[in-house]
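Below: the structure, in structure tokens.
Protein chains in written order, with the numbering used here: chain F, 1 to 232; chain Y, 1 to 363.
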């Protein structure tokens, strides 16, 4: 097996230490940035739904500000955002390179996307259900947790899956400006040193990661969606 | 008791200011089944939503026995109770909502929760233990006759069953008042009938006050005791259902009653020329309404015998409103001028509401 691999991808084999490091960096970026995105974007998405006109706690000021921020950051291409945020990142975490430096722009890139996805998933919840909950005396938090998040769970899992996959993509872009990870491994060793096998292996690895995320997401979404069918 | 006084609600949209509730004053007694009837857009839904403050009225007050009087003034809500007045807190508002059950046209059950969890939803606010919740849900399932569906999901239920679950959920915390917003409008006739019977039963058994809004006359006829007719945000007519049906005063009420009895079809017949309206001294097209006091008598044959007039029945209908019969006849009466007049006067004296249909259109 190892022999075969050495034959197919000799340079990956030679740089296997760097390759392992890159993988580790990618996963670190993915999990840290992903978790922050989940929390911040989830919070913003809920906030958009709650504060919208006709929402359960309408607040025009909060809603408008959040809309503008989301739209602005969503319209900046990620690679530009990376460069744009360098001074800010340096100020915030002391460096603009490595995993630490990449997490800040990754969060800025993924949060607006996820915010919109969460907003759209939650706005699919039938307003009638919200009204019924209000008529039963549920407060804002009760409605968020017991109606919105519960009823939209399959959709939320779907949008988390989409965002996770897009975040993997963002981590590789971040590699172009010194973030490390599979992206930078593919650029620095594959592209710059003309080791095509390194690029190929990176593609395969990314393909596997993305497919895994998709499969897990689909399975969970289906499980929560067709719960009554699974019980039969 | 629910006492609504001078309630106002406007909706501001981009190009209109909709006066959804316009100076409504109503009193709904304990244990009553009170219908609110009107076409869509008449403001009945908004009015009912004001009772549990899902909509906050612009001004006016609502007094609910056992809770106090809530006054809307200058954009704020105040609770008047035992002679004192204080701003209504969010907590009080939620408490009020928990003491009023509500059911909806589209049931609004949580699709990802079982029947059990749906009914248990409001019970989580009652401070009951898990075992107590379970016990209460079982009791409620018995009440709405759905014991075997405890573990089912809403998607596995029929419309009528879903509404039963919604009723159980609305009654979970033993409210005194149930608001029903077009609760049978999405159901087939059989399911409608069974839900109405259930509501009637709950009203009797639990002394539940039911406020139901509907555009279906059949619903009002079958279970309501009192009814208010709404048009353009105003209550235009109010009273005992039987009185409203036997003697509607307002144009819109007449239209509603006419649609439900089928007697409004006369307009079509006149329009088509099938029936010629006649309003001369010797021939009259009349609408006769027989109320519970006169419906049992053989008035038509008496009239035709004693006054030697011909009575040609064009349309006839007997309705059951509440527990009483209500008959309506459209007939052409002809004979000598004197006899026609005499016949009509005699019928009026027997408690038959007689109305001459003159120009065809005016029924």
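Heads up, the beta-carbon is just placed ideally off N, CA and C, and yes, glycines get one too.
It should be emphasised that the depicted structure is a prediction, and the values quoted were computed from it without experimental measurement.
Interface annotation, residue 112/Y: in contact with chain F, CB-CB separation under 8 Å. Scanning chain F for C-beta atoms nearer than 7 Å to the C-beta of residue 104/Y yields 128 and 132, reported in chain order. The beta-carbon of residue 121/Y is placed less than 8 Å from the nearest beta-carbon of chain F.
Taking 7 Å as the Cβ-Cβ cut-off, the stretch 49-74 of chain F has no residue approaching chain Y. Contact between residue 181/Y and residue 48/Y holds, with the beta-carbon distance rounding to 6 Å and staying under 8 Å. Counting every other CB atom within 10 Å of its CB across the protein chains shown gives residue 75/F a total below 16, marking it as exposed. Non-local C-beta neighbours of residue 245/Y in its own chain, meaning closer than 6 Å and more than five positions away in sequence, comprise 257, 321 and 326, ordered along the chain. DSSP places residue 234/Y within a strand segment (E or B) once states are collapsed to three. Listed along chain Y, the residues sitting closer than 8 Å to residue 147/F by beta-carbon distance are 110. If you compare the alpha carbons of 324/Y, 339/Y, 341/Y and 261/Y with that of residue 317/Y, the shortest gap goes to 261/Y. Take the alpha-carbon of residue 233/Y and the one of residue 251/Y: they are about 15 Å apart. A Cβ of chain F is located within less than 8 Å of the beta carbon of residue 125/Y. For the stretch 69-80 of chain Y, no residue has a beta-carbon sitting nearer than 8 Å to a beta-carbon of chain F. Using beta-carbon distances, residue 54/Y counts as an interface residue toward chain F, with a partner under 8 Å. Here residue 153/Y carries a coil assignment [DSSP, helix/strand/coil]. In this structure, DSSP gives residue 222/Y a helical state, which the three-state scheme calls helix. The beta carbon of residue 136/Y does not come within 8 Å of any beta carbon belonging to chain F, so the residue lies off that interface. Per the coordinates, the alpha-carbon of residue 130/Y lies some 32 Å from the alpha-carbon of residue 121/F. Take the alpha-carbon of residue 136/F and the one of residue 112/F: they are about 33 Å apart. Nearest to residue 167/F by alpha-carbon distance, out of 17/F, 2/F, 21/F and 37/F, is 37/F. Among the residues facing chain Y, residue 153/F is included, as its CB has a counterpart in that chain under 8 Å away.
Taking a C-beta distance under 8 Å as the contact criterion, residue 174/F and residue 85/F do not qualify as a contact pair. Under the three-state reduction of DSSP, residue 107/Y is assigned to coil, being neither helix nor strand.
Using a Cβ distance threshold of 8 Å, residue 1/Y and residue 41/Y do not count as a contacting pair. Under a criterion of Cβ atoms nearer than 8 Å, the residues of chain Y adjacent to residue 139/F are, in order, 90 and 94.
A distance below 6 Å between beta-carbons, with the five flanking residues on each side excluded, links residue 45/F to the following residues of its chain, in chain order: 115, 118 and 119. Note: residue 353/Y is bridge-paired with 289/Y in the DSSP secondary-structure output.
Residue range 60-75 is occupied by the alpha helix (DSSP H) that includes residue 63/F. Residue 22/F and residue 3/F have their C-alpha atoms spaced approximately 22 Å apart. Our two residues, residue 18/F and residue 189/F, have alpha carbons roughly 9 Å apart in a direct line. Counting every other CB atom within 10 Å of its CB across the protein chains shown gives residue 17/Y a total below 16, marking it as exposed. Measuring C-alpha to C-alpha distances from residue 314/Y to each of 57/Y, 266/Y and 137/Y identifies 266/Y as the nearest. In summary, residue 54/F is exposed, with fewer than 16 beta-carbon neighbours lying within 10 Å of its beta-carbon over all protein chains present. By the rule that beta-carbons nearer than 8 Å mark a contact, residue 128/Y does not touch chain F. When secondary structure is reduced to three states using DSSP, residue 53/Y falls in the coil class, being assigned neither helix nor strand.
Against chain Y, the beta carbon of residue 135/F has neighbours under 7 Å at 52, 54, 97 and 102, listed in chain order.
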